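Trainee:
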């Protein structure tokens, strides 16, 4: 029964079993086989500007401490003392020389090594006490892609560049449209949604459809008009996916950016279009602020144009902790960075006009599955079943038309492959 | 090179030779154990030698394994900070000052004039 569920046999026909959003044992398996194995976004390098800079974040339900070490490299460790398990760092972010557990005073340096213990004479007499074996547990692998820091708990996970595959071509739209690279504008917002994490992730993976309906009134508030229909001309819009990483977009250049309602942002995008084209070519240059949304598998999402970057951290099958940041080009004028930060707060923060629209829908879509009869009804994911195309410039699986379920199906196909694979070798490439 | 106490005539206490001045380049520290005073810390701050107790006043730790940042030594275990010239504890978790011993460079040797108890 369980294997049958995980196989998602009806997915290609456009149907999804609702139990994937509800069952506790499915969720536990996700923690083991997705969150403890995949590369997960843990930080932007700009959040760790100097030796001793640190932040804490989540990899699945494992709390991790990410630090800039003295040699300039980045380390990530479980934020749990090997003595009694207490957190060694209770702050969200800051600068420190090391971390001292609040319980028994064990201290750890920036390399995660045990530096000292309270009542050291007693431990010194203990033959079983070996400092070198009592450091913080590091992640198995850590790597960066153009400013983004990723980590995985699985030593057998493929290298980050293979995990991202050709999706790097698309990530460059946001990460490499400007010579100076990117940074996170200061601060981060955390909020809680009573929804399954996948409902949020799949929305960013491919759900252009909801924008014109869910966000109609919000768009009117920000723009003075609703969202234009997106399915009229599907020759200029796409769903693309690689290894379960998904990007839906059109080529209007500024459609997402315009929803922030700030002329300075549009002016910045227009003024730099030629430079974007120089770096990215004409097609990708039109994606920089266009109507689009992205999910890097499994739970790292962003919106080009609005520049909100976020992680959907799982907190049980029916709860998600949302962490958001705002990405800006490092060399953009300060007033443009400010405009983006404020614009993102007005639209995609807990009080933002669009975030609020989504949250209620996702919570009700999750909670409905509490009904045992409701849970038996499959959900329809059939849009765009015959939209796959070959494209001369776009790599990966490409589908024409952004009003589509192709990316959502790809997201759940990857989910299914990972949940059924005992090791990375068994994951189809 | 100069020392923070330059006139040996003014010094009181037991004269102890700790090391050659060349053993401790600028910006570095050295732990020296002498029977008269227990473990001592010799620090070279831009050519000025400071000698203090080496053991942190907070917990059992050798300050020589910590960091020297200007005139401040940082404990490697809980990152307490001390002013090497005055011995003052600069931040939590240390609250007691470090023993400071007058020091000088004499004939290329770092010498300290040990006063007070071994506890410092």
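Chains as they are written, first to last, in the UniProt record's numbering: chain A, 1 to 429; chain B, 1 to 120. A virtual CB, placed ideally from N, CA and C, is assigned to each residue, including glycine. Since the model is a prediction, treat every value here as computed from it, not as a measurement.
Give the residues from the region 74-89 of chain B that approach chain A closer than 9 Å (Cβ to any Cβ), ordered along the chain.
Mentor: Those would be 74, 75, 76, 77, 78 and 79, in chain order.
Trainee: Pull up the DSSP beta-bridge partners for residue 114 of chain B, would you.
Mentor: Looking at the DSSP assignment, residue 114 of chain B forms a beta bridge with B:14.
Trainee: By the 7 Å beta-carbon criterion, what residues does the UniProt domain "Rieske" (16-112) of chain B contribute toward chain A?
Mentor: From the UniProt domain "Rieske" (16-112) of chain B, only 59, 60, 61, 74, 76, 77, 78 and 79 have a Cβ closer than 7 Å to chain A.
Trainee: Along the region 118-136 of chain A, what residues have a CB closer than 8 Å to any CB found in chain B?
Mentor: Flagged, chain order: 118, 120 and 121.
Trainee: Return the chain-ordered list of same chain residues with a C-beta closer than 7 Å to the C-beta of residue 268 of chain A, the five sequence neighbours on each side being excluded.
Mentor: So the list reads 332 and 336, once near-sequence residues are dropped.
Trainee: Quick one: give me the first and last residue of the alpha helix (DSSP H) that residue 416 of chain A is part of.
Mentor: Looking at the DSSP string, the run of the alpha helix (DSSP H) that includes residue 416 of chain A is 406-420.
Trainee: Applying the criterion that 16 or more other CB atoms from any shown protein chain within 10 Å of the CB defines a buried residue, is residue 117 of chain B buried or exposed?
Mentor: Low local confidence applies: a pLDDT of 45 at residue 117 of chain B is under 50, so the model's placement there is unreliable, and no value is given.
Trainee: When DSSP labels each residue in this structure, what does residue 241 of chain A get in the three-state scheme?
Mentor: Three-state result, residue 241 of chain A: strand.
Trainee: Give a yes or no on whether the C-beta atoms belonging to residue 112 of chain B and residue 99 of chain B are separated by under 8 Å.
Mentor: Their beta carbons are not under 8 Å apart, which means residue 112 of chain B does not touch residue 99 of chain B by this criterion.
Trainee: For a test of the three-state rule: what should DSSP assign to residue 46 of chain A, helix, strand or coil?
Mentor: It is helical.
Trainee: What span of residues does the beta strand (DSSP E) with residue 77 of chain A cover, start to end?
Mentor: It spans 74-78 - the beta strand (DSSP E) in which residue 77 of chain A sits, taken as one unbroken run.
Trainee: Give the list of continuous alpha helix (DSSP H) stretches no shorter than 4 residues that lie fully inside the region 177-263 of chain A.
Mentor: Segments of the alpha helix (DSSP H) lying fully in the region 177-263 of chain A: 197-206, 211-214, 216-223 and 255-258.
Trainee: Going by other Cβ atoms of all chains shown within 10 Å of its Cβ, with 16 needed for buried, is residue 17 of chain A buried or exposed?
Mentor: Flag for residue 17 of chain A reads buried.
Trainee: For the beta strand (DSSP E) that residue 145 of chain A lies in, which residues bound it at each end?
Mentor: Here the beta strand (DSSP E) through residue 145 of chain A covers 141-145.
Trainee: Please list, in chain order, the chain D residues whose beta carbon lies closer than 7 Å to that of residue 157 of chain A.
Mentor: Annotation note: the requested chain D is absent from the structure, which comprises protein chains A and B.
Trainee: Between residue 115 of chain B and chain A, is any beta-carbon pair separated by less than 8 Å?
Mentor: No, its Cβ sits nowhere closer than 8 Å to a Cβ of chain A.
Trainee: Indicate the three-state DSSP secondary structure (helix, strand or coil) for residue 120 of chain B in the structure shown.
Mentor: Because the pLDDT at residue 120 of chain B is just 39, under 50, the model does not fix this residue reliably, and the value given afterwards should be weighed accordingly. Here residue 120 of chain B sits in coil by DSSP.
Trainee: Using a threshold of 8 Å, state whether the C-beta atoms of residue 256 of chain A and residue 292 of chain A are closer than that.
Mentor: Cβ atoms of residue 256 of chain A and residue 292 of chain A: closer than 8 Å.
Trainee: Do residue 239 of chain A and residue 164 of chain A count as a contact pair if the criterion is CB distance below 8 Å?
Mentor: Not closer than 8 Å, so no.
Trainee: Where does residue 355 of chain A sit, in a helix, a strand or coil, going by DSSP?
Mentor: DSSP places residue 355 of chain A in helix when its eight states are reduced to three.
Trainee: Are the C-beta atoms of residue 432 of chain A and some chain B residue less than 8 Å apart?
Mentor: Chain A is shown from 1 up to 429; residue 432 of chain A falls before or after that span and cannot be answered.
Trainee: Can you give the Cα-Cα distance for residue 10 of chain B and residue 74 of chain B, rounded to whole angstroms?
Mentor: At residue 10 of chain B, the pLDDT of 46 sits below 50, so the modelled position is not reliable; the number obtained from the coordinates is stated separately. Approximately 30 Å, taken between the alpha carbons.
Trainee: What are the start and end residues of each continuous beta strand (DSSP E) run of 3 or more residues lying completely inside the UniProt domain "Rieske" (16-112) of chain B, in chain order?
Mentor: Runs of the beta strand (DSSP E) inside the UniProt domain "Rieske" (16-112) of chain B: 29-34, 38-45, 48-53, 67-69, 72-74, 81-83 and 103-106.
Trainee: Check residue 119 of chain A in the structure and name its three-state DSSP category.
Mentor: The answer is coil: DSSP assigns residue 119 of chain A none of H, G, I, E or B.
Trainee: Beta-carbon separation of residue 72 of chain A and residue 231 of chain A under 8 Å?
Mentor: No, these two residues do not count as a Cβ contact at 8 Å.
Trainee: When DSSP labels each residue in this structure, what does residue 4 of chain B get in the three-state scheme?
Mentor: With a pLDDT of only 49 at residue 4 of chain B, under the threshold of 50, the placement of this residue in the model should not be trusted, and no figure is reported.
Trainee: Note down, in chain order, every chain B residue with its Cβ under 7 Å from the Cβ of residue 115 of chain A.
Mentor: The answer, in chain order, is 76 and 77.
Trainee: Can you tell which of B:93, B:44, B:40 and B:26 has its C-alpha closest to the C-alpha of residue 100 of chain A?
Mentor: Residue 100 of chain A has its Cα closest to that of B:93, out of B:93, B:44, B:40 and B:26.
Trainee: So, helix, strand or coil for residue 94 of chain A, using DSSP?
Mentor: It is a strand residue.
Trainee: The alpha helix (DSSP H) spanning residue 284 of chain A covers which residue range?
Mentor: From DSSP, the alpha helix (DSSP H) with residue 284 of chain A extends over 273-285.
Trainee: Grab the span of the beta strand (DSSP E) containing residue 332 of chain A for me, first residue to last.
Mentor: Counting along the chain, residue 332 of chain A falls outside any beta strand (DSSP E), and DSSP gives it neither H nor E.
Trainee: With DSSP collapsed to three states, give me the class of residue 388 of chain A.
Mentor: Residue state, collapsed to three classes: strand.
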